[in-house]
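2 protein chains.
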Amino acid sequence: MKDPLSQTFAALADPTRRVILARLSQGEASVTDLAKPFLKEMSLPAVTKHLKVLEKSGLITKTRDAQWRPCKLNGVAFREASDWLEHYRVFWEASFDRLEAYLKTVSPQVKSKGKKHGRKK
Amino acid sequence: MKDPLSQTFAALADPTRRVILARLSQGEASVTDLAKPFLKEMSLPAVTKHLKVLEKSGLITKTRDAQWRPCKLNGVAFREASDWLEHYRVFWEASFDRLEAYLKTVSPQVKSKGKKHGRKK
DNA sequence: TTTATATTTAACTAAATGGTTAAATAAGGA
DNA sequence: TCCTTATTTAACCATTTAGTTAAATATAAA
C-alpha cells in the first residue's frame, strides 16, 4: 500500500484521468458521461479502472443514484498535493523571475505577459 | 513517451524521490550525498535510477564537477505542476471551508488560527 | 601507472499499471 | 417476469517500474 500523497500524484500522472478531473470540475457526472470522450480510444472497463484509481487516491468520490454512479471531485486530496508543492514555490518563482530577467535582456520593452520570441545574440 | 505533466506527476509519486527533492530544497548535493539516507534500504544504482526519473521529468538538473554530479532543483517543472493544480484551488478551499464550518459546530470557541488559505499577495 | 572515489550501465526479476474481452451485477420499466 | 441501461468484475496480456548484483566508466590523487 502506497502512502496517500504518492497515490494522489500517481493518479494525476495520467492524461485520461486529468481530463476526467477537468470534466468533473464542471460538475458531477456519471461513469458513462465521463467515459464518452474516450470510447474511441478505450473500453468502458478501462474508464472504470481509471475512476477506481481516482477514487482510491481520494481525488473523487462516487455516490449512488439508481443505476448511476455519479462522481464528484473531493477537494481534500487536491489540497494535500497542493500543500506539498507549496514548499517549492520559492523555486518556481525564482526560475520564473530568471526567465523574466532574461527576456528583458533580450528585448527590454517586452512586458512579462507578452510571449515574444527573443533572438539570440 | 509520456507528456511532460504526466512525467512530472509520476516523478512526484514516490516517497524516495520526494525526500530527494526535499533535500535539494536545502541546496545542491551530489549523488552520494543524496543517496546516503537510503543506503540501508536500497542500493546506489537504485538511487541513480530515481535521479534519472527526476531529471527526465525536469524537476532536477545534473551538472558536472570532477567525478561528482551535483544536482539541483529546477523550478520550471514545479511550476507546471502547480499551475495545473491551481485550477482546482476552488475545490480544495471549498472543502477546507466545510471542514472549518464543521469544526465550529463541534467546538465553536476554537478560532481558526492566523494561517489563512488565501492566495499569497 | 596504479589506486581510490564517484557514478553509471547492463542484465535480470518481481510487481504494478493500463489495456483487452466476456461475463456478472444493479436498478428501473414494460 | 423479461428487457434495457449502467456499471463492475474476472481473467488475461504487454509494458513499465523499481529494485537487484556485477561490471564499466570518469576523475583525481599517489
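First to last, the protein sequences are chains A and B.
If you number the first sequence the way this note's numbering does, the last residue is 1443 and the count never jumps.
If you number the second sequence the way this note's numbering does, the last residue is 1443 and the count never jumps.
Glycine included, each C-beta is placed from N, C-alpha and C at the ideal position.
Asked                                                                                                           : Found
Assigned exposure category for R1441 (chain A) - 16 Cβ within 10 Å defines buried                               : Confidence at R1441 (chain A) is low in this model, with a pLDDT of 35, below 50, so the placement of that residue should be treated as unreliable; the coordinate-derived value is given next. R1441 (chain A) should be labelled exposed.
Proximity below 7 Å, CB of T1385 (chain A) to CB of N1396 (chain A)                                             : no
Spatial distance of V1398 (chain B) from D1355 (chain B) (CA atoms)                                             : 24 Å
C-beta neighbour in chain B for A1388 (chain A), strict 7 Å                                                     : no
Separation of V1369 (chain A) from A1357 (chain A), as counted between CA atoms                                 : 6 Å
Cβ neighbours of Q1329 (chain A) in the same chain (closer than 7 Å, five flanking residues each side left out) : K1378, S1379
V1369 (chain B) at chain A interface by Cβ criterion, 7 Å                                                       : no
Short CB-CB distance (under 7 Å) between P1326 (chain A) and chain B                                            : no
Residues that DSSP places opposite L1395 (chain B) in a beta bridge                                             : B:I1382
Start-to-end residues for the alpha helix (DSSP H) that takes in P1359 (chain B)                                : Taken as a continuous stretch (DSSP letters only), P1359 (chain B) belongs to no alpha helix (DSSP H), as it is neither H nor E.
Residues near Q1389 (chain A) by beta carbon distance below 7 Å, same chain, minus five either side             : none
Spatial distance of L1334 (chain A) from F1413 (chain B) (CA atoms)                                             : 16 Å
Limits of the unbroken alpha helix (DSSP H) element including S1328 (chain A)                                   : 1326-1334
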